[in-house]
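Just so you know, the protein sequences line up as chains A and B, in that order. Take 1 as the starting number for the first sequence in the working numbering and just add one per residue. Take 426 as the starting number for the second sequence in the working numbering and just add one per residue. Here is the structure we will look at.
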Amino acid sequence: MAGQSTYVPGTALTRWLDQRLPILRLVNDTVTTYPTPRNLNFWYVFGAILAFMLGVQIVTGIVLAMHYVPNADLAFGSVEGRIMREVNYGWLIRYTHANGASMFFLAVYIHMFRGLYYGSYKAPREVLWILGVFIYLLMMATAFFGYVLPWGQMSFWGATVITSLFSALDQIIPHLGSAITTWLWGDFAVGDATLNRFFSLHYLLPFAIAGVVMLHIWALHVPGNNNPLGIDPKGPQDMVPFHPYYTMKDAFYLALFVLFFAFFVFYAPNFFGNPDNYTQANPLVTPPDIVPEWYLLPYYAMLRSVPQKLLGVLVLLGAILTLLFIPWLDRSKTRSCRFRPVMKKLFWIFAVDCVLLGYAGAQSADAAWHLGGMDLPLVWLARLGTAYYFAFFWVLMPLVGKLERPKPVPESIAQSVLGKAGESK
Amino acid sequence: MTAAAKPEPTRRDFLYIATGAAATAGAVFAAWPFIDQMNPSSAVLAMASIEADLSAIQPGQQVIFKWRGHPLFVRRRTPKEIAEARAVQVSDLPDPLARNANLSDSAPATDAGRTIKPEWLVLVGVCTHLGCTPTVSTPGSPQGSFGGWLCHCHGSEYDTAGRIRKGPAPQNLAVPPYAFTGPTKIKVG
């Protein structure tokens with residue numbers, strides 16, 4: 001809640017500073033005394049984890065850039081030779097950065113699904129949600145550029161496939177798409193010029209993310225946190241100060257998350273990677289199966305499920321842009337799925353749907369399930385999954401919001417948490 | 426000072442609009458170098474053509490050269506492959522255009538429209554879907570059901586004239602600008 005500031009400078013120096021640049025007041029009001037609903041559960045810790053992961057990626061990334069060479073002939077060697085074998089602790093920093101990207105996306109997906117489940121995108125938090133979608137888009141772009149930098153086979157062909165998405169514009173205006181891809185590449189194919197500009201952008205975008213994260217936090221602190229009950233706090237009895245309650249809770253789960261992260265860095269550093277990326281980029285040989293990183297697989301499955309190029313690209317784009325419209329697609333007055341019996345079921349089907357799409361996206365283009373004597377091509381699973389993805393947002397969400405009869409929501413957060421004791425306060 | 430109170434545009438209004446227009450035009454001009462620097466540089470453009478010697482290529486064999494950073498397929502077709510390509514009606518093709526840089530844009534995708542000499546099929550080895558390199562089909566290792574190429578990325582199938590027959594690719598494999606400089610020598614680009 002953007003209430004009155006409660007900051008009182010304790011010393012003459014801080015009083016002096018407060019009258020000139022009230023930065024300590026800002027920190028105090030946003031981190032220390034910021035009133036937070038007392039019932040936030042485990043699923044609310046991922047915001048802090050994401051802030052931490054952005055820091056990890058920026059710090060490890062700056063160090064890696066000190067040793068990396070953005071040149072088509074030297075890039076692969078500078079990563080696999082210099083950084084992995086010669087630079088002191090280079091292997092650690094590189095594996096932390098590479099696995100850090102996966103951890104970042106894991107956390108952001110949990111964060112997004114949490115927002116979806118508890119209706120955190122609804123009024124008055126629409127702008128907060130939309131800024132989150134912008135961060136997610138910037139993350140995808142950054143991850144894509146970063147994946148190209150080691151200049152392995154998967155880097156090269158991933159870059160080729162993704163930039164070629166723009167060539168679909170040829171089907172609207174002849175030669176426009178090809179002109180755009182040539183412009184993006186700086187060449188007639190992905191090459192040295194492409195690698196250099198991707199490196200430049202990969203270094204830039206994380207700072208753009210940091211900027212939007214600040215807006216995201218600002219937009220959070222104006223209406224305040226949503227909570228698992230999805231009801232507005234009624235007064236101080238529903239709140240606790242952010243510090244020490246949530247700083248401690250976030251720190252505890254952050255420590256567990258770092259343990260999980262460290263397991264991959266130290267014991268399975270290539271778990272999320274693709275062995276083909278240990279082969280240097282070769283513009284004349286496409287690997288048998290091109291697969292993006294796991295966090296983009298559902299979209300990849302959607303792209304492949306459409307047998308027409310332009311349409312496939314539009315479906316891919318539409319799936320991502322749909323997220324921007326969620327605040328207005330959901331017509332229900334009840335925020336939290338805890339009190340929405342129908343939406344809750346549809347939500348979980350949607351979650352499973354995303355996993356199935358990811359699975360389909362990871363298989364080769366002509367893969368099939370063998371059931372008895374029948375071959376069930378996975379492309380049909382992807383088509384079904386894509387249909388549900390769009391139906392969930394554009395059909396079910398508005399309809400269910402109108403037709404569903406939600407369960408009664410509690411009087412207040414305090415009452416729900418403390419029972420009768422909360423009422424008497 | 427409302428518009429109703431003062432309907433006549435003033436000298437100041439004019440100056441505002443003129444300044445704004447000049448600044449906008451200036452911004453557009455200033456932006457162009459930053460946009461155009463992304464396009465291929467003169468060094469890249471200078472490397473845009475190659476010469477290839479085809480004399481060692483056997484019938485039924487495909488050799489891959491590198492042209493403008495892309496694979497360039499040169500396939501010496503067998504009489505059977507040529508006959509298969511000629512047996513197809515253009516009206517049955519998903520993409521009826523030749524996509525041959527040596528012919529006009531509206532040339533039909535007949536087998537003759539895809540080659541200069543029927544024996545030699547010269548193609549840019551870039552799938553017209555999303556840019557992967559298709560795998561060549563040989564009698565020993567058939568790829569797809571049309572005898573030409575199969576793109577493993579998203580399952581597009583091409584025939585023995587490099588024309589798209591099945592899958593998400595919208596166009597036939599491109600025929601680059603090339604000319605024979607000798608009986609078995611070509612210059613591409």
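All residues carry an ideal CB built from backbone N, CA and C; glycine is no exception.
- In the three-state reduction of the DSSP assignment, B/Pro543 falls in the coil class, being assigned neither a helical nor a strand state.
- Any Cβ of chain B closer than 8 Å to the Cβ of A/Gly186 would place that residue at the interface, and such an atom is present.
- Contact residues of the segment 280–297 of chain A toward chain B are Pro283, Leu284, Val285, Thr286, Pro287, Pro288, Asp289, Ile290 (C-beta to C-beta distance below 9 Å).
- The beta carbon of A/Gly177 lies closer than 8 Å to those of Phe166, Ser167, Ala168, Leu169, Asp170, Gln171 in the same chain, with the five residues before and after it left out.
- If one requires a minimum length of 3 residues, the beta strand (DSSP E) runs lying completely within the segment 175–251 of chain A are 239–241, in chain order.
- By the Cβ neighbour-count rule, A/Pro244 is exposed, with fewer than 16 other Cβ atoms within 10 Å of its own.
- At least 8 Å separates the CB of B/Leu546 from every CB of chain A.
- Its chain contains Thr160, Pro283 as the residues whose beta carbon lies nearer than 8 Å to that of A/Ala189, once the 5 sequence neighbours on both sides are disregarded; these appear in chain order.
- Note that the C-beta distance between A/Asp250 and A/Val45 is below 8 Å.
- Shown in chain order are the members of the segment 146–165 of chain A whose Cβ falls below 9 Å from a Cβ of chain B: Trp157, Thr160, Val161, Ile162, Thr163, Ser164, Leu165.
- With its beta carbon at least 8 Å from every one in chain B, A/Arg338 lies outside the interface.
- The Cβ atoms of A/Tyr389 and A/Phe242 do not sit closer than 8 Å to each other.
- Around A/Val315, the same chain offers Met302, Val306 as residues with beta carbons nearer than 6 Å, after the five sequence neighbours per side are excluded.
- At least 8 Å separates the beta-carbon of B/Ile611 from that of B/Val561.
- Interface with chain A (8 Å Cβ-Cβ cutoff): B/Ala532 is excluded.
- In the structure shown, A/Trp151 adopts coil according to DSSP, grouped into three states.
- If you check each beta-carbon in the segment 484–516 of chain B against every beta-carbon of chain A, the ones closer than 7 Å belong to Ile489, Lys491, Arg493, Gly494, His495, Pro496.
- Against chain B, the beta carbon of A/Pro70 has no neighbour under 7 Å; the closest one sits roughly 16 Å away.
- Neighbours of B/Thr558 across chain A, judged by C-beta separation under 7 Å: Leu284, Val285, Thr286.
- Rounded to whole angstroms, the separation of the alpha carbons of A/Ala382 and A/Leu311 is 15 Å.
- Within the segment 469–484 of chain B, the residues whose Cβ lies closer than 8 Å to any Cβ of chain A are, in chain order, Val469, Ala473.
- Rounded to whole angstroms, the separation of the alpha carbons of A/Phe325 and A/Ser412 is 29 Å.
- In the DSSP assignment, B/Gly607 falls within the unbroken beta strand (DSSP E) covering 603–607.
- Against chain A, a Cβ distance below 9 Å from B/Ala456 picks out nothing, because the smallest value is about 14 Å.
- Nearest to A/Asp366 by C-alpha distance, out of B/Cys557, B/Leu575, B/Ala456, B/Ile460, is B/Leu575.
- One thing to note: A/Asn99 has its Cβ within 8 Å of the Cβ of A/Val265.
- At least one CB of chain B lies nearer than 8 Å to the CB of A/Thr182.
- The segment 353–365 of chain A makes contact with the segment 383–403 of chain A: 3 or more CB pairs, one atom from each, lie closer than 8 Å.
- Excluding the 5 residues flanking it on each side, A/Asp29 has same chain C-beta neighbours closer than 7 Å at Ser5, Tyr7, in chain order.
- Closest in C-alpha terms to A/Ile58, from the list A/Phe207, A/Trp294, A/Leu254, comes A/Phe207.
- Classified as buried, B/His554 has 16 or more neighbouring CB atoms from the shown chains inside 10 Å of its CB.
- Here the segment 143–160 of chain A lies against the segment 286–302 of chain A, with 3 or more beta-carbon pairs under 8 Å apart.
- For the 8 Å CB-CB criterion, A/Phe392 and A/Leu321 do not form a contact.
- The straight-line gap separating the alpha-carbon atoms of A/Tyr253 and B/Gly573 is approximately 56 Å.
- Taking 4 residues as the shortest admissible run, the segment 432–484 of chain B contains the following complete alpha helix (DSSP H) segments, listed from N- to C-terminal end: 436–461, 467–471.
- Contacts between B/Ala526 and chain A, judged by CB atoms closer than 7 Å, are missing: the closest CB pair is about 12 Å apart.
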